[in-house]
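The block underneath contains the structure these notes are about, expressed in C-alpha cells.
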Amino acid sequence: MSLVKNDKEIELIRDACKIVRDTFEYIKDYIKEGVTTFELDLLIENKIKSFGGYPAFKGYRVNGKRFPASACISLNSEVVHGIPSKNTVLANGDIISIDIGVLKNGYHGDSANTFAVGEISAKKQKLLNITNESLFKGIEQAKDGNEVNDISSAIQNYVEGSGFSIVRELIGHGVGKKLHEEPPVPNYYNPNNKYKLLKGMVLAIEPMVNYGSPGVKTKSDGRTVVTADGEPSAHFEHTVLITESYPEVLTI
Ligand code: MG
Ligand code: MG
Numbered sequence: 029m030s031l032v033k034n035d036k037e038i039e040l041i042r043d044a045c046k047i048v049r050d051t052f053e054y055i056k057d058y059i060k061e062g063v064t065t066f067e068l069d070l071l072i073e074n075k076i077k078s079f080g081g082y083p084a085f086k087g088y089r090v091n092g093k094r095f096p097a098s099a100c101i102s103l104n105s106e107v108v109h110g111i112p113s114k115n116t117v118l119a120n121g122d123i124i125s126i127d128i129g130v131l132k133n134g135y136h137g138d139s140a141n142t143f144a145v146g147e148i149s150a151k152k153q154k155l156l157n158i159t160n161e162s163l164f165k166g167i168e169q170a171k172d173g174n175e176v177n178d179i180s181s182a183i184q185n186y187v188e189g190s191g192f193s194i195v196r197e198l199i200g201h202g203v204g205k206k207l208h209e210e211p212p213v214p215n216y217y218n219p220n221n222k223y224k225l226l227k228g229m230v231l232a233i234e235p236m237v238n239y240g241s242p243g244v245k246t247k248s249d250g251r252t253v254v255t256a257d258g259e260p261s262a263h264f265e266h267t268v269l270i271t272e273s274y275p276e277v278l279t280i
C-alpha cells in the first residue's frame, strides 16, 4: 500500500470528505439542549446514506468490539469513541465532540468537531479555541518535504504553550482505502517517527486536548475514552491532502 495516492484515488477521497463536510453542515443545527446523542447519530447516518456514503465507524472494531453506531459522540470529560445513547441528553453548558467517518466507492474521509451546547463556561470555550487552533498549526506544517514530526511538534508546542495537555494514547493517521492507515500522526514530537511528508499523501490530523492532566482511561463499556481526572477534553480533526504548498483541507 502506497502512502502517496494517485489522482484517481485523491478524487475518491475528496468525494468521501465532501460527504463528511456536508453532514457536519447539516447536523450542527440540531445540536441543542434536550436532544439525545442517539437522535443525532440517526440523523447523521441517514444524511451520510442520502449522499451515497456509508458511516465508516459503524461496525468498526474498537478494542476488539464492533462500534454499534454511525458517529462517535463524546461529551465533556469523554475524549473520543463515545457511544450515542437514548439516555444521553444534551444539556446547556455541555461540549460535544462528534467524529464522522465516511466510506464511499472504497475510499474514506474523516473529521471531528467539538460544539458548544447553549452557553458554555469560559474555561470550556478556551479549550475549544486552543484545540481547533492547534489543528491549524499542525495543518500549516503538512507540506511536501516536511516530516510528520513537524506537524506533531507544532500542535504540541501550541497546546502546551497555552497551558493544556495532549492525549498521547490516540493519534492521527493516513486515510485512504482504510480509515486508519500509515503514517501515524501523533500530536506530540516522537523521535522514533521518521515519516517524511510527500505530495499526494492524505492525513487525518486530530489533536485531542485535555483541560487538566493528559491521562485517559477507558470506561466500563470498553470503548469510551475519558479523562482520568474528569476534566473536559476537546477533539478537532480534518483530512488533508499534502501538496507542494499549503495543504488542501478536504473536509472543509
Ligand atoms: Mg475521526
Ligand atoms: Mg481519525
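If you're matching positions, the sequence shown starts at 29 in my numbering and goes up one per residue.
C-beta: ideal position from N, C-alpha, C; glycine also.
Just so you know, these numbers come straight off a predicted model, no measurement behind them.
| Query | Result |
| --- | --- |
| Please classify V32: is it buried, with 16 or more other beta-carbons within 10 angstroms of its beta-carbon, or exposed? | exposed |
| With three or more C-beta pairs closer than 8 Å as the rule, is the stretch 163-172 touching the stretch 76-95? | no |
| Pick from V108, T267, V237 and K152: whose alpha carbon is nearest that of L231? | T267 |
| Based on Cα-Cα distance, which residue from S30, S139 and R251 lies nearest to G200? | S139 |
| At 4 residues or longer, what runs of the alpha helix (DSSP H) sit wholly inside the stretch 46-108? | 65-78 |
| Below 8 Å on the Cβ atoms is my contact criterion, and I expect G166 with I270 to pass it. Report the Cβ-Cβ distance as a whole number of Å. | No, G166 and I270 are not in contact; Cβ-Cβ is about 12 Å, not under 8 Å. |
| Can you tell which of K205, G250 and F52 has the C-alpha that lies nearest to the C-alpha of T142? | F52 |
| Among I128, A99, I111 and E161, whose alpha-carbon lies nearest the alpha-carbon of V253? | I111 |
| What are the uninterrupted segments assigned as beta strand (DSSP E) that are 3 or more residues long and contained completely in the stretch 182-224, given in chain order? | 200-202 and 209-213 |
| Compute the Euclidean distance between the alpha carbons of V237 and S248, then round it to the nearest angstrom. | 22 Å |
| Name the DSSP beta bridge partners of F264, please? | The partner list for F264 (beta bridge, DSSP) is empty, contrary to what the question assumes. |
| Ligand 1 and S139: does any heavy atom of the ligand fall closer than 7 Å to the residue's C-beta? | yes |
| Can you list, in chain order, the residues of its chain whose CB lies under 7 Å from that of E210, leaving out five sequence neighbours each side? | L31 and G202 |
| Could you tell me the alpha carbon to alpha carbon distance between L226 and K132, rounded to whole angstroms? | 24 Å |
| Please go through the same chain and pick out, in chain order, the residues whose beta-carbon is closer than 7 Å to the beta-carbon of D122, but skip the five residues on each side of it. | L103, N104 and V145 |
| Are the Cβ atoms of A256 and V244 separated by less than 8 Å? | yes |
| Can you determine whether any heavy atom of ligand 1 sits closer than 7 Å to the C-beta of A97, and answer yes or no? | no |
| Applying the 10 Å Cβ sphere with the 16-neighbour rule, what's the burial state of P219? | exposed |
| By how many angstroms is the C-alpha of D127 removed from the C-alpha of V48? | 9 Å |
| Would E73 be called buried (16 or more neighbouring beta carbons within 10 Å of its own) or exposed? | buried |
| Ignoring anything shorter than 3 residues or poking outside the stretch 110-183, list the beta strand (DSSP E) runs there in chain order. | 123-132 and 135-144 |
| If you drop the 5 nearest sequence neighbours on each side, which residues of the same chain put their C-beta closer than 7 Å to that of Y58? | L68 and L71 |
| How about V195 and P260: are their beta carbons less than 8 Å apart? | no |
| So, helix, strand or coil for E276, using DSSP? | strand |
| Please name the residue or residues paired with T246 in a DSSP beta bridge. | V253 |
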